[in-house]
Amino acid sequence: MKNILKTGILFLSLLTFGGCKKDKDLVEVTIPEPEKAVSQQVGDPDDVKAEDPDGPFQMIPLPYAYNALEPFIDAKTMEIHYSKHHVNYCNKLNAAVKGTELENKNIEEILAKLDSKNLDLRNNGGGYYNHNLFFEILGQNATEPTDEIAEKITLDFGSFDEFKKHFSEKANKIFGSGWVWLIVDMNGKLVITTTTNQDNPLMPNAEQKGKPILALDVWEHAYYLKYQNKRKDYIEAFYNVINWKKVNEKFNEIKPKTE
Ligand SMILES: [Fe+2]
Numbered sequence: 235m236k237n238i239l240k241t242g243i244l245f246l247s248l249l250t251f252g253g254c255k256k257d258k259d260l261v262e263v264t265i266p267e268p269e270k271a272v273s274q275q276v277g278d279p280d281d282v283k284a285e286d287p288d289g290p291f292q293m294i295p296l297p298y299a300y301n302a303l304e305p306f307i308d309a310k311t312m313e314i315h316y317s318k319h320h321v322n323y324c325n326k327l328n329a330a331v332k333g334t335e336l337e338n339k340n341i342e343e344i345l346a347k348l349d350s351k352n353l354d355l356r357n358n359g360g361g362y363y364n365h366n367l368f369f370e371i372l373g374q375n376a377t378e379p380t381d382e383i384a385e386k387i388t389l390d391f392g393s394f395d396e397f398k399k400h401f402s403e404k405a406n407k408i409f410g411s412g413w414v415w416l417i418v419d420m421n422g423k424l425v426i427t428t429t430t431n432q433d434n435p436l437m438p439n440a441e442q443k444g445k446p447i448l449a450l451d452v453w454e455h456a457y458y459l460k461y462q463n464k465r466k467d468y469i470e471a472f473y474n475v476i477n478w479k480k481v482n483e484k485f486n487e488i489k490p491k492t493e
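This note's numbering puts the first residue of the sequence shown at 235, with every later residue one more than the last.
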């Protein structure tokens, strides 16, 4: 009898407790999703520095936090990409130019006159330039293109939707590791092109040469943690994190030289 009474009291208590906590209070104790918990365990991009503080090439600070591009690009991927892969290209580039005449040249000059047989310089110089551009043109609160770049995209591709269609097609066709580019070619026209490994359209061996204003990294290290084998989904997510204002700035820097 005592046991029955105890059970009844417990049951009533649970009912009362559940009734009091209903709706408002229960919402406040939601357990964080595992993905969010992992995402919070990231460092500060400002702590990432080149190994050689006097080297000619240094890390350009990220203009946003590692988690700024979520949910499209997760914080952990951004952290590994910037603090492991990118800094490695930077360090190896400094080592490759040390004690040579290239120490006093900027990265664009080095790549434009690159000896493609110099794989150390080609891979690390390319990696350094490519990632600088990629990280620069990403951003939160991304919007569709505006101003001059919007007009030029409509002029050269027909519409923004057509541009996205062609860009995604090219990105999906890359076999293995590589990059997709929006460049301004020698005639001042916008062109979408691709390169493999860490090559880029500034290099003498590029099939399509020009000045890049937008880049998408399709190496597995850029997306595999979140997207695994679904590279197509990563490519589509990219359109949500393009800082078109920055792309427009880069377009305007080049425009006077080509028109
Ligand atoms: Fe990368």
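Glycine is no exception: its CB is placed at the ideal position from the N, C-alpha and C atoms.
The region 313-329 and the region 351-366 touch, with three or more beta-carbon pairs separated by less than 8 Å. When C-beta atoms of the region 308-316 are compared with those of the region 442-462, three or more pairs fall below 8 Å, so the two segments count as touching.
Between residue 341 and residue 432, the alpha-carbon positions lie close to 14 Å from each other. Counted as a single uninterrupted DSSP element, the beta strand (DSSP E) harbouring residue 449 occupies residues 445-451. Around ligand 1, the residues whose beta-carbon falls short of 6 Å from at least one of its heavy atoms are 315, 319, 365, 451, 453, 455 and 456, given in chain order. Taking all protein chains shown into account, residue 451 has 16 or more neighbouring C-beta atoms within 10 Å of its C-beta and is therefore buried.
Of 467, 477 and 466, the smallest CA-CA separation from residue 449 is found for 477. Assigned with DSSP and collapsed to three states, residue 436 falls in coil, not helix or strand. Beta bridge pairing from DSSP links residue 412 with 430. Residue environment for residue 346: exposed (fewer than 16 other C-beta atoms within 10 angstroms of its C-beta). By the Cβ test, the region 424-440 is in contact with the region 388-401, since at least three Cβ pairs between them sit closer than 8 Å. Distance check between residue 382 and each of 276, 275 and 487 places 487 closest, using alpha-carbon atoms only. The C-alpha of residue 322 is placed about 12 Å away from the C-alpha of residue 360. Taking C-alpha positions only, residue 446 is separated from residue 404 by approximately 15 Å. Residue 464 and residue 300 have their C-alpha atoms some 22 Å from each other. Rounded to the nearest whole angstrom, the C-alpha separation of residue 417 and residue 276 is 33 Å. Excluding five sequence positions before and after residue 296, the CB atoms of its chain that fall closer than 7 Å to its own CB belong to 279, 316 and 369, given in chain order. The C-beta of residue 410 has fewer than 16 other C-beta atoms within 10 Å across all chains shown, which makes the residue exposed.
Within the DSSP secondary-structure output, residue 425 pairs in a beta bridge with 417.
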